[in-house]
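K.L.:
Residue numbers (our numbering), protein chains in the order written: chain B, 171 to 335; chain F, 967 to 1427; chain L, 10 to 328.
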Amino acid sequence: MPKKLDWIISGWALLAGILTFLIVLATTVNTAAFGADKIARMFGENVSGLSGYEDFVRLVISAAALMFFPYCQRQKGHVAVDLFAEQFSIQTQDVIESITLILTIIIALFLAYWMTLGMISAYEDFASSPILGWPNWPFYIPGVVSLLLWALVAAMQLSTKKGRQ
Amino acid sequence: MSGEIIGILGLVVLFALLALRIPVGLAMVLVGIGGNFALSLTLPYLRFEPYLFQFKSLLWNSVANYDLSVVPLFILMGYLASNANLSRDLFQGVNAFAGKYRGGVAMSAIGACAGFGAVCGSSLATASTMGRVALPELRRLHYAPGFATGVLAAGGTLGILIPPSVALVIYAIIVEASILEMFQAAIIPGLIAVLFFIIAIAVIVRIKPSLAPEAQPMAKEERRVAIRRLIPVVVIFGAIILGLGLGLFTPTPAAGIGVFLIFVYGLYLRRFGEGLSVAAIKDSILATAVTSGMIYFILFGAEVLKGFFTRAGLPEALASWAGASSLEPLGIIVIMLIALIILGCFMDSLSMILVVVPFLWPVLVEINGGDYATAATSAFAMNANELKIWFGILSLIVIELGLITPPVGLNVFIISALAGDVKMKDTFKGVLPFFAIEILRIGLILFFPVIALFVPRLLSG
Amino acid sequence: AEVTLTLHHFLSPKAPAHTQMLQPWAEKIAKDSNGRIEVKIFPSMALGGKPPELYQQVRDGVVDMVWTVPGYTPGVFPRIEVFELPTVHKGDAKVTNAAIQEIFPLIAEDFADVKPLLVHVHAGNALHTTSKKVTSLDDVKGMKIRTPSRSGGWMIEAWGADPVGMPLPDLSQSLSKGVVEGGLVPFEIFPPFKLADLTKYSLVGGDNERFGTATFLFAMNKDSYNRLPDDLKKVIDDNIGPTFSEEMGVVWNNVEKPGIGMQEKSGGEIVQLDAAAKGVFDEVGGKVVARWVEEVGDRGIDGQKLVEEARKAIAKHSN
Ligand code: NA
Ligand code: NA
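1) Distance, Cα to Cα, valine 1416 (chain F) vs arginine 1407 (chain F)?
2) My understanding is that threonine 270 (chain B) touches proline 1372 (chain F), with C-beta atoms under 8 Å, so please give their C-beta distance in whole angstroms.
3) Are the CB atoms of lysine 150 (chain L) and glycine 169 (chain L) nearer to each other than 8 Å?
4) Name the DSSP bridge partner or partners of tyrosine 210 (chain L)?
5) Answer yes or no: do proline 95 (chain L) and phenylalanine 220 (chain L) have a C-beta to C-beta separation smaller than 8 Å?
6) Hey, leucine 175 (chain B) and methionine 326 (chain B): beta-carbon distance below 8 Å or not?
7) Along chain L, in chain order, which residues have C-beta atoms closer than 9 Å to that of isoleucine 1277 (chain F)?
8) From this set, F:Gly1375, F:Leu984, F:Ser1006, F:Val1085, which residue's C-alpha is nearest valine 1201 (chain F)'s C-alpha?
9) Expressed to the nearest angstrom, what Euclidean distance is found between the alpha-carbon atoms of alanine 1205 (chain F) and serine 160 (chain L)?
10) Given this structure, state the Cα-to-Cα distance separating valine 260 (chain L) from alanine 132 (chain L), to the nearest angstrom.
11) Taking the Cβ atom as the reference point for each residue, do leucine 1118 (chain F) and alanine 1093 (chain F) lie within a distance shorter than 8 Å?
12) Between the stretch 1291 to 1300 of chain F and the stretch 268 to 283 of chain B, are three or more C-beta pairs nearer than 8 Å?
13) Does the beta-carbon of arginine 1190 (chain F) have 16 or more other beta-carbons within 10 angstroms, so that it is buried, or is it exposed?
14) How about the stretch 44 to 59 of chain L and the stretch 1262 to 1273 of chain F: do they share at least three Cβ pairs that are nearer than 8 Å?
15) Using a Cβ-Cβ cutoff of 9 Å, what residues of the stretch 990 to 1017 of chain F are near chain L? List them in chain order.
16) Would you report the Cα separation of phenylalanine 1057 (chain F) and arginine 1098 (chain F), rounded to the nearest angstrom?
17) Let's test the definition: count the other Cβ atoms within 10 Å of the Cβ of serine 254 (chain L) and tell me whether it reaches 16, buried, or not, exposed.
18) What are the residues in the stretch 24 to 45 of chain L lying within 9 Å of chain F by C-beta distance?
19) What does DSSP give as the partner residues of alanine 228 (chain L) in its beta bridges?
20) What residue does the alpha helix (DSSP H) around lysine 314 (chain L) start on, and which one ends it?
21) Taking only beta-carbon positions, decide if alanine 183 (chain B) is within less than 8 Å of chain F.
22) Taking contact to mean 3 or more Cβ pairs, one atom from each stretch, closer than 8 Å, check whether the stretch 1120 to 1139 of chain F and the stretch 1150 to 1162 of chain F are in contact.
23) Would leucine 287 (chain B) count as contacting chain F if we go by Cβ distances under 8 Å?
24) Between glutamine 65 (chain L) and chain F, is any beta-carbon pair separated by less than 8 Å?
25) For a cutoff of 8 Å on Cβ pairs, would you count valine 1323 (chain F) as touching chain B?
26) Mind pulling the alpha helix (DSSP H) runs of 4 or more residues that sit fully within the stretch 1021 to 1108 of chain F?
27) In the DSSP assignment, what residue or residues form a beta bridge with proline 95 (chain L)?
28) Considering only C-alpha positions, which residue in the set B:Lys246, B:Thr190, B:Leu220, B:Leu236 is nearest to valine 199 (chain B)?
29) Going by Cα to Cα distance, which pick from F:Leu1034, F:Gln1182, F:Val978, F:Phe1019 is closest to glycine 1259 (chain F)?
30) Kindly indicate if chain F contains any beta-carbon less than 8 Å away from that of glutamate 294 (chain B).
31) Please state the DSSP three-state secondary structure of glutamate 63 (chain L).
32) Got a sec: is the Cβ-Cβ distance from isoleucine 301 (chain B) to anything in chain L below 8 Å?
33) Would you check if the stretch 263 to 278 of chain L and the stretch 69 to 86 of chain L touch, i.e. whether three or more CB-CB distances between them fall below 8 Å?
34) Within the same chain, show all residues whose beta-carbon is closer than 8 Å to that of isoleucine 38 (chain L), passing over the 5 residues directly before and after it, in chain order.
35) Are there 16 or more other CB atoms within 10 angstroms of the CB of isoleucine 1308 (chain F), so buried, or fewer, so exposed?
36) Look at the Cβ atom of proline 267 (chain L), then the Cβ atom of proline 200 (chain L), and state whether they are nearer than 8 Å.
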């Protein structure tokens, strides 16, 4: 895999990690506010939590979750059943792996295509989150980019495989 | 050709693709889309082209899910705890107490697996983390190799049941149960497992003393350090599990706070040259990316597959078949559990929950008397909500058994690989007594559902 | 059957919406078409996707019909929300359904991409509290309350209370653990969620008025409808409209009764606001309406007119 792509893919996953830490932060603040509220109640006061916290988590995780995909593909992290395939010859296993990579590319591009249409729909429909009122469509963008990167990683894996033979 | 036949053919193709080592998520998506195409040819009202339109929103909506956000959080929490060496502190700390008994280090490994299970969402991660920590110690003290690996492979299964657990989250989402109540229901069965495993170790080393060395209590100073380091770990892990158990937190906040506490403690440990370095944090994130990416893709695949199976009418057919059969309700559950054990030998736990449970669940609701059945009118003497919880605990224990049964016992693979020189066969042999005791536990929960239902009943008032 | 139509929704096949509304409707269609149309119902999101996707599914033709909640996709149906607002909806599903029928042309734009079969409401949200008896606006200040919808959240905020969002299955335990102190839901969901045992008081406005409601959309894909031969189109058209809407209003009013009975039987109290207190709540409800009018105004919609027409129609049908 070219160094540059490698760097982009890891960076993309780390970015998703940072988004996950944002969720952690929001959760901690919200829960702390909730705890503080319980205490404040004893003195007749009250502390409110982050309004729209759930919306925030939902939208941010929608981006982060798909941003994990390219790195997962890079590490061949998608779980498979090893039991039977071990009995196949090396050549057969090789062919199966190539087919798997080709199918992965097709599915990733297929999903990227439809998700782009979905983003346009979300934009045209004014679809938004219930409490925060943030529009949904921008959160499709990292997903579409992730799917394209996913296809790219699989394509690279396919070509390095071909190169080895 | 009827829809049901296409559905069954789809199931066959799915298993064939899996056997060819096509990744689970990919196989599900392919069969789901291909199956819908086949259906559109025979059942003209299921038009294929419009069907494809659902992919506009299906993927995004399957990840834009607040409840599911606990999955990457719990996974991150487990990796951070492991990279900050909290797993080691936990093991050494428990060992400070149990080390004075024969087989005590093995018991400590079980205790540490349970403790680590409380911050880690997955069995495999629990097995591999605790394997890395405890295996060298067990080998150094000359525990019999197969016994040592067997203990750890079995101990790893505790991760799936001791809350938090990714498997429980996903089961709860599939059957629309409360994640929190599932966690609470798992507490007593989880503790029973720990207790049974420890008793098993005590009995085994008594029958066959050659498996474990004489007790070698820790030196006083070493013991003091171990206990001192155990305290913060117990506080953090305890906060998470107590918060969940008492219903003070819902799962996402518990996971968020857990990550936060471990992160902060890990940074604090930097002052002593330990804890979380930048590289360790990076590693944790990347490992989280792999595991979470894998899980999210399987979840999406299951969604696509579900759309195919229901269009084909498969779950309906199964439910009406079971409803019409003359088997006792309990008999049907036992058959289901046996089927799950057998399937568990070949499939990973997540795919089992996602592929198989959606078939079993409607059948159970049907024989119980429907969603609105009350305890008084139902076949299992519990309402649909409690049935969900009880069956979830039972089926997850059974599915976790698949991790230690041949031929595909993933925990056994992992531990044997870690040990290097221990034959897989010996590990399977070492696991055997624990397997037997698990069957006993399943029987107990089967005949005394209250073991699972007690805590959620208590806490829901 | 000559034509098979798929109908997708998110509730269980045992829910009243399925057994008392969708199933009887499907049977009626089969009967009126002499078996030429079969409506195959897929409950519990069986055909895949999450509830917010139902609208897209019917619009794009993934399925032929859906029954869904417009509130699941905030922003997509800006106009119909008028009927969810506190002080607009009173407490009677039959009345509000009739009003929706009457001023439908004003909100039709929301449903321009589908063929709406029925737009209706449930009887309305009451405020169920675990231990605190609410008799005035002051009592409710600072309480943590599970919000039913977007405008419901605004209302809770306007009350000076904290709106908390959560999935319905979590409500029972959240109430029992004090995560929330109350929830705005109809009585309909009392039986499956044990709310009678968990809440002591259920607050309604005077004369059984509720604090806003939720709207529901039963809709058909346009192409699926247009493809039908004229006589079958007529079967569909004969089974929608004012009569169907009224029947369903009665059904949704009636599904409240078991829940109300359970609350009374459990020793719970149904509290009616007195006129003075109700006036204060209505004033705050008015602020929510104003906020909504302003918000839809940004989309170029005359919210004020919608509110006035909706109120007029509801008043007319109340008598
Ligand atoms: Na766990
Ligand atoms: Na009550």
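Note that beta-carbon positions come from the ideal geometry of N, C-alpha and C, so glycine has one too.
Given the structure is predicted, the values throughout are model-derived calculations rather than measurements.
P.N.:
Well, looking at it:
1) Straight-line Cα distance between these residues: approximately 13 Å.
2) Rounded, the Cβ-Cβ distance is 26 Å, inconsistent with contact.
3) yes
4) Partner residues in the beta bridge of tyrosine 210 (chain L), as assigned by DSSP, are L:Thr138, L:Glu278.
5) The answer is yes: Cβ separation under 8 Å.
6) Leucine 175 (chain B) places its beta carbon less than 8 Å from that of methionine 326 (chain B).
7) Here the sequence assigns arginine to residue 1277 (chain F), which means isoleucine is not the residue at that position. Listed along chain L, the residues sitting closer than 9 Å to arginine 1277 (chain F) by beta-carbon distance are Thr15, Phe51, Ala55, Leu56, Gly57.
8) F:Val1085
9) 36 Å
10) 10 Å
11) Yes, these two residues count as a Cβ contact at 8 Å.
12) no
13) Exposed is the call here.
14) yes
15) Gly998, Leu1009, Pro1010, Tyr1011, Leu1012, Arg1013, Glu1015, Pro1016, Tyr1017
16) 11 Å
17) buried
18) Taking 9 Å as the Cβ-Cβ cut-off against chain F, the residues of the stretch 24 to 45 of chain L that qualify are Ala24.
19) L:Val75, L:Pro125
20) 312 to 327
21) Chain F places a beta carbon closer than 8 Å to that of alanine 183 (chain B), counting this residue as a contact.
22) Taking a contact to require three or more Cβ pairs closer than 8 Å, the stretch 1120 to 1139 of chain F and the stretch 1150 to 1162 of chain F qualify as touching.
23) For leucine 287 (chain B), the answer is yes, since a Cβ of chain F falls inside 8 Å of its Cβ.
24) So yes, glutamine 65 (chain L) belongs to the interface.
25) For valine 1323 (chain F), the answer is no, since every Cβ of chain B falls outside 8 Å of its Cβ.
26) DSSP runs (the alpha helix (DSSP H)) wholly in the stretch 1021 to 1108 of chain F: 1024 to 1029, 1036 to 1049, 1052 to 1064, 1070 to 1083, 1089 to 1106.
27) L:His98
28) B:Leu220
29) F:Leu1034
30) no
31) Before going on, a small fix: residue 63 (chain L) reads as leucine here, not glutamate. Residue state, collapsed to three classes: helix.
32) yes
33) no
34) Ile46, Val48, Val244, Ile245, Asn248
35) exposed
36) The answer is yes: Cβ separation under 8 Å.
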